[in-house]
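J.: Okay, handing you the structure first.
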Amino acid sequence: MSQELKHLFYPESIAVIGASHSPADVGYRILENLVGYGYKGRVYPVNPAAEEIMGLECYPSVSTVPGKVDVAIVGVPAEKAIEAVEDAGKAGAKFAVVISSGFKEIGNVELERRLVEAARRHGVRVLGPNVFGYVYTPSRINASLGPCDVIPGSVAILSQSGVLGMALMGYTVPQSVGVSAIVSLGSKSDLGDEEFLEFFEEDPNTKAMLIYLEGVEDGKRFMRTASKVSLSKPIVAIKAGRTEAGARAVASHTGSLAGAATIWSTALKQSGVLQVNSIEEAFDYVKSLAWNPLPRGSSMLVLTNGGGAGVQAADTLAEQGILLREPPADIVRELKAFLPRFASLRNPIDMTGQAPEDFYYRALKAILKHKDVDSVLVLYCETSVADPRSVAERVLEAVEEAEKEGASKPVSVGMVGGRKVEEAINFLNEHNIPAYPTPERAAAALAAPYKYLALRDYVSSRLRFLR
Numbered sequence: 018m019s020q021e022l023k024h025l026f027y028p029e030s031i032a033v034i035g036a037s038h039s040p041a042d043v044g045y046r047i048l049e050n051l052v053g054y055g056y057k058g059r060v061y062p063v064n065p066a067a068e069e070i071m072g073l074e075c076y077p078s079v080s081t082v083p084g085k086v087d088v089a090i091v092g093v094p095a096e097k098a099i100e101a102v103e104d105a106g107k108a109g110a111k112f113a114v115v116i117s118s119g120f121k122e123i124g125n126v127e128l129e130r131r132l133v134e135a136a137r138r139h140g141v142r143v144l145g146p147n148v149f150g151y152v153y154t155p156s157r158i159n160a161s162l163g164p165c166d167v168i169p170g171s172v173a174i175l176s177q178s179g180v181l182g183m184a185l186m187g188y189t190v191p192q193s194v195g196v197s198a199i200v201s202l203g204s205k206s207d208l209g210d211e212e213f214l215e216f217f218e219e220d221p222n223t224k225a226m227l228i229y230l231e232g233v234e235d236g237k238r239f240m241r242t243a244s245k246v247s248l249s250k251p252i253v254a255i256k257a258g259r260t261e262a263g264a265r266a267v268a269s270h271t272g273s274l275a276g277a278a279t280i281w282s283t284a285l286k287q288s289g290v291l292q293v294n295s296i297e298e299a300f301d302y303v304k305s306l307a308w309n310p311l312p313r314g315s316s317m318l319v320l321t322n323g324g325g326a327g328v329q330a331a332d333t334l335a336e337q338g339i340l341l342r343e344p345p346a347d348i349v350r351e352l353k354a355f356l357p358r359f360a361s362l363r364n365p366i367d368m369t370g371q372a373p374e375d376f377y378y379r380a381l382k383a384i385l386k387h388k389d390v391d392s393v394l395v396l397y398c399e400t401s402v403a404d405p406r407s408v409a410e411r412v413l414e415a416v417e418e419a420e421k422e423g424a425s426k427p428v429s430v431g432m433v434g435g436r437k438v439e440e441a442i443n444f445l446n447e448h449n450i451p452a453y454p455t456p457e458r459a460a461a462a463l464a465a466p467y468k469y470l471a472l473r474d475y476v477s478s479r480l481r482f483l484r
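Take 18 as the starting number for the sequence shown in this note's numbering and just add one per residue.
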């Protein structure tokens, strides 16, 4: 594990500079989240005008704190941030998370330079400025301005945008996407994408990474790091500034240079990064990548109760470069024993709209245990014959039994219908089975692990060639 960031993610103590009694203040919200999320280390509110906040003894400065401080969260105005960082550095703090805005993002480059210089004089690494904080669920750290109810899990999120990053943080909850970490990068004056990618590569609590990326200071360094990390774990990137209009917006937002879209697309591919164009697509991908094992081969079966849904999925898969093959003969024989005689046993396997819930369990169980099937796409169109929640429960049962029997394989579920279907999708997502409201999204998500494996092979061969 990266020793440099260890004290940021596993701190023994955190100081909140600018802690406040007022719910409208940044310092109040950071302190409230830190305490409310259950951080077990020592928390020191810092405010010279208060004696206690939220029942915690308050200190006039970090240097007056009786114990050591590993991380200082800086929530004071920009003009006071340098003094706060210097004081924290003199007291031995290793990291300063600078929430304050008013630096490079508004053209105040000199002030940001002075902030970093002050930090470096005292051996302090800076996250930010202009960030909403950070989260690391294994340590029960929520030192952020985002929601307090994030779900622990295995996806690490990095965001260069503050407000959008907080929105992504909130979006994880209804999507049932558990996170290992959420890090706001802001201006990236010191710590950048590369240090965090390296940490999450070695972090046993992280299985996949999602980045909202506007620009980087050192493109070659980013590519080197991402190439190495992507050989171990998948990285999904929303690259902002894909168009000329977007690039102008990026420059006015964080002061980053977005670069030409074609150059970035090529660079991300050469680095093994899965580039997506939307937040929806990014979350669809990371659910499939974080919750599923990687496929061992290219054989995929589609199981459906609606022929049209199967056709839509087949088209989507073909567009992703995945062509469906005929199912193994022994699976066909096993399914024939209970499916209607007018069911289609090609691929997609169409059980017809008369399929009850139990057909999903029996068919999926037979498919998952077969050695010549590598992944399964399960589709359901709402009917009066099969209750959506019951179908979801039977799918979960088949998947869990397969896991116990050592037959775990990538599974993606697409369910189309009304409110009952929405509840069934939520149920599956809560149990870490990636589920989606259309066959197309479910198919594209199941294709993501195959795209990752292809990129990983490409990067591996490219690195061998460069050597």
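Ideal Cβ placement from N, Cα and C applies to all residues, glycine included.
Taking its Cβ as the centre, do 16 or more other Cβ atoms sit within 10 Å of Pro83, making it buried, or is it exposed?
T.: As a position in the sequence shown, residue 83 is number 66, starting the count at 1. The residue is exposed, with fewer than 16 neighbouring Cβ atoms inside 10 Å.
J.: Go through the region 359-420 residue by residue and report every complete run of the alpha helix (DSSP H) that reaches 4 residues or more, in order.
T.: With a minimum length of 4 residues, the continuous alpha helix (DSSP H) runs that stay inside the region 359-420 are 374-385.
J.: With DSSP collapsed to three states, give me the class of Asn125.
T.: Your numbering for residue 125 matches position 108 in the sequence shown. Residue state, collapsed to three classes: coil.
J.: Let's see if you can read the secondary structure: which residues bound the alpha helix (DSSP H) around Ile280?
T.: Numbered from its first residue, the sequence shown carries residue 280 at position 263. Per DSSP, Ile280 belongs to the alpha helix (DSSP H) from Ala278 to Gln287.
J.: Taking the beta strand (DSSP E) that Gly92 belongs to, which residues open and close that run?
T.: Mapped onto the sequence shown, residue 92 falls at position 75. From DSSP, Gly92 is part of no beta strand (DSSP E); its letter is neither H nor E.
J.: For the beta strand (DSSP E) that Gln292 lies in, which residues bound it at each end?
T.: By 1-based counting over the sequence shown, the position of residue 292 is 275. Looking at the DSSP string, the run of the beta strand (DSSP E) that includes Gln292 is Leu291 to Val293.
J.: Taking only the alpha-carbon atoms, compute the straight-line gap between Gly272 and Gly124 and give it to the nearest angstrom.
T.: In the sequence shown, the residue the question calls residue 272 occupies position 255. In the sequence shown, the residue the question calls residue 124 occupies position 107. In this prediction, Gly272 has a pLDDT of 47, which is less than 50 and means its spatial position is unreliable; what the coordinates show is noted afterwards. Each residue's alpha carbon lies about 8 Å from the other.
J.: Indicate whether Leu394 and Met432 have their beta-carbon atoms separated by less than 9 Å.
T.: Translated into positions along the sequence shown, residue 394 becomes position 377. Translated into positions along the sequence shown, residue 432 becomes position 415. No, the pair does not count as a contact, with Cβ atoms beyond the cut-off.
J.: My understanding is that Ser245 touches Trp281, with C-beta atoms under 8 Å, so please give their C-beta distance in whole angstroms.
T.: Walking along the sequence shown from the start, residue 245 turns up at place 228. Walking along the sequence shown from the start, residue 281 turns up at place 264. Note that residue 245 is Lys in the sequence shown, not Ser. Not quite, the Cβ-Cβ distance comes to about 19 Å (not below 8 Å), so this is no contact.
J.: In three-state terms, what does DSSP make of Arg59?
T.: Sequence index remark: in the sequence shown, residue 59 carries index 42 (1-based). Note: Arg59 maps to strand in three-state DSSP.
J.: If I measure Cβ to Cβ from Gly109 and keep anything under 8 Å in the same chain, skipping five residues before and after, which residues do I get?
T.: Residue 109 sits at position 92 when you count from the first residue of the sequence shown. Same-chain partners within the cutoff: Lys85 and Val86.
J.: Provide the residue(s) that pair with Arg130 in DSSP beta bridges, ordered along the chain.
T.: Position 113 of the sequence shown, counted from the first residue, corresponds to residue 130. Answer by DSSP bridge pairing: none, since Arg130 is not bridged.
J.: Taking DSSP as the reference, what is the three-state secondary structure of Ile442?
T.: Here residue 442 refers to the residue found at position 425 when the sequence shown is read from its first residue. Correct three-state label for Ile442: helix.
J.: DSSP three-state call for Phe112: helix, strand or coil?
T.: Residue numbering aside, residue 112 sits at position 95 when the sequence shown is read from its first letter. Strand.
J.: Can you tell me whether Thr283 is buried or exposed? The criterion is at least 16 other CB atoms within 10 Å of its CB, across all chains shown.
T.: Position 266 of the sequence shown, counted from the start, is the residue given in the question as residue 283. Thr283 is exposed by the Cβ-count criterion.
J.: At which residues does the beta strand (DSSP E) containing Arg142 begin and terminate?
T.: The residue given as residue 142 occupies position 125 in the sequence shown. Start and end: Arg142 to Leu144.
J.: So, is Lys224 buried or exposed, given that buried needs 16 or more other C-beta atoms within 10 angstroms?
T.: By one-based count along the sequence shown, residue 224 stands at place 207. Buried, because 16 or more other Cβ atoms sit within 10 Å of the Cβ of Lys224.
J.: Could you have a look at Lys85 and say whether DSSP puts it in helix, strand or coil?
T.: Here the question's residue 85 lines up with position 68 in the sequence shown. Correct three-state label for Lys85: coil.
J.: Buried or exposed: which applies to Phe359, given that a residue is buried once 16 or more other Cβ atoms fall within 10 Å of its Cβ?
T.: The residue you call residue 359 lines up with position 342 of the sequence shown. Burial call: exposed.
J.: Beta-carbon within less than 7 Å of Ala135's beta-carbon, same chain only, minus the 5 sequence neighbours each way: which residues are those?
T.: Counting from one through the sequence shown, the residue named residue 135 turns up at place 118. Correct list, in chain order: Ile99, Val102 and Glu103.
J.: Which residue comes first and which comes last in the alpha helix (DSSP H) that contains Ala243?
T.: The residue labelled residue 243 in the question sits at position 226 within the sequence shown. It spans Gly236 to Ser247 - the alpha helix (DSSP H) in which Ala243 sits, taken as one unbroken run.
J.: Determine whether the Cβ of Met71 lies closer than 9 Å to any Cβ atom of chain E.
T.: Structure shown: chain E not included; a single protein chain is present.
J.: With a threshold of 8 Å on Cβ separation, who are the neighbours of Lys250 within its own chain once the five nearest residues in sequence on each side are excluded?
T.: Residue mapping note: residue 250 aligns to position 233 of the sequence shown, counting from 1. Result list for Lys250: Phe217, Glu218, Thr223, Lys224, Ala225 and Met226, in chain order.
J.: Anyone know if the C-beta pair for Pro365 and Val290 falls short of 9 Å?
T.: One-based indexing of the sequence shown puts residue 365 at position 348. One-based indexing of the sequence shown puts residue 290 at position 273. Not closer than 9 Å, so no.
J.: Reducing DSSP to helix, strand and coil, say where Ala254 ends up.
T.: Position 237 of the sequence shown, counted from the start, is the residue given in the question as residue 254. In the structure shown, Ala254 sits in a strand (DSSP, three-state: E or B).
J.: Of the residues Val349, Asn294, Pro191 and Ser315, which one's Cα is nearest the Cα of Leu362?
T.: Mapped onto the sequence shown, residue 362 falls at position 345. Closest by alpha carbon: Val349.
J.: I need the DSSP call for Val428, collapsed to helix, strand or coil.
T.: On the sequence shown, residue 428 is found 411 positions in, with the first residue counted as 1. Val428: strand per DSSP, three-state reduction.
J.: Indicate the three-state DSSP secondary structure (helix, strand or coil) for Gly170 in the structure shown.
T.: Numbered from its first residue, the sequence shown carries residue 170 at position 153. It is a strand residue.
J.: Can you name the residues that DSSP bridges to Ser201?
T.: The residue you call residue 201 lines up with position 184 of the sequence shown. According to DSSP, Ser201 bridges with Ser176.
J.: Let me know if Val528 comes out buried or exposed under the rule of 16 or more other beta-carbons within 10 Å of its beta-carbon.
T.: The first residue shown for the chain is 18 and the last is 484, placing residue 528 beyond what the model contains.
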